[in-house]
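Numbering (our numbering), first residue to last: 6 to 113.
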């Protein structure tokens, strides 16, 4: 269940971040409401995950995968482009999360 909660926290963080762009600086009420609701839900599930996952591990996974997924949304929905440095950075973030999950004793 702990990784389900963390996964839900990541999904709601990506939703919140994506709608933040659509809110135009919180000037549009519907996207702004979605941002607030998504982040409240995100932090609720993150708090549940933190009952059993160490803070540093949970935050690294949450932030790392949130960055990657938000980038994917920005490319697909908002048609934003990535340069070579951005792609390398995302690969490094993803690699770090994978290394931590498969090789660190802190995740168990």
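By construction, the Cβ of each residue, glycine as well, lies at the ideal position given by its N, Cα and C atoms.
Values in this document were obtained by computation on a predicted structure and should not be read as measured data.
Item                                                                                                                                                                   : Value
Restricting to Cα atoms, I'd like to know which of 68, 93 and 24 is closest to residue 15.                                                                             : 68
With H, G and I counted as helix, E and B as strand and the rest as coil, what does DSSP make of residue 87?                                                           : coil
Could you give the first and the last residue of the continuous alpha helix (DSSP H) run that contains residue 82?                                                     : Per DSSP, residue 82 belongs to no alpha helix (DSSP H) and is neither H nor E.
Just to confirm the assignment: which complete alpha helix (DSSP H) runs, minimum length 4, are found wholly within the segment 10 to 89?                              : 34 to 54 and 60 to 81
From this set, 99, 108, 109 and 13, which residue's C-alpha is nearest residue 55's C-alpha?                                                                           : 13
Measuring CB to CB, does residue 58 end up less than 8 Å from residue 7?                                                                                               : yes
So, for residue 26: in the same chain, excluding its five sequence neighbours on each side, which residues have a beta-carbon less than 8 Å away from its beta-carbon? : 79 and 83
Determine, using beta carbons only, whether residue 22 and residue 75 come nearer to each other than 8 Å.                                                              : yes
If I measure Cβ to Cβ from residue 31 and keep anything under 7 Å in the same chain, skipping five residues before and after, which residues do I get?                 : 37
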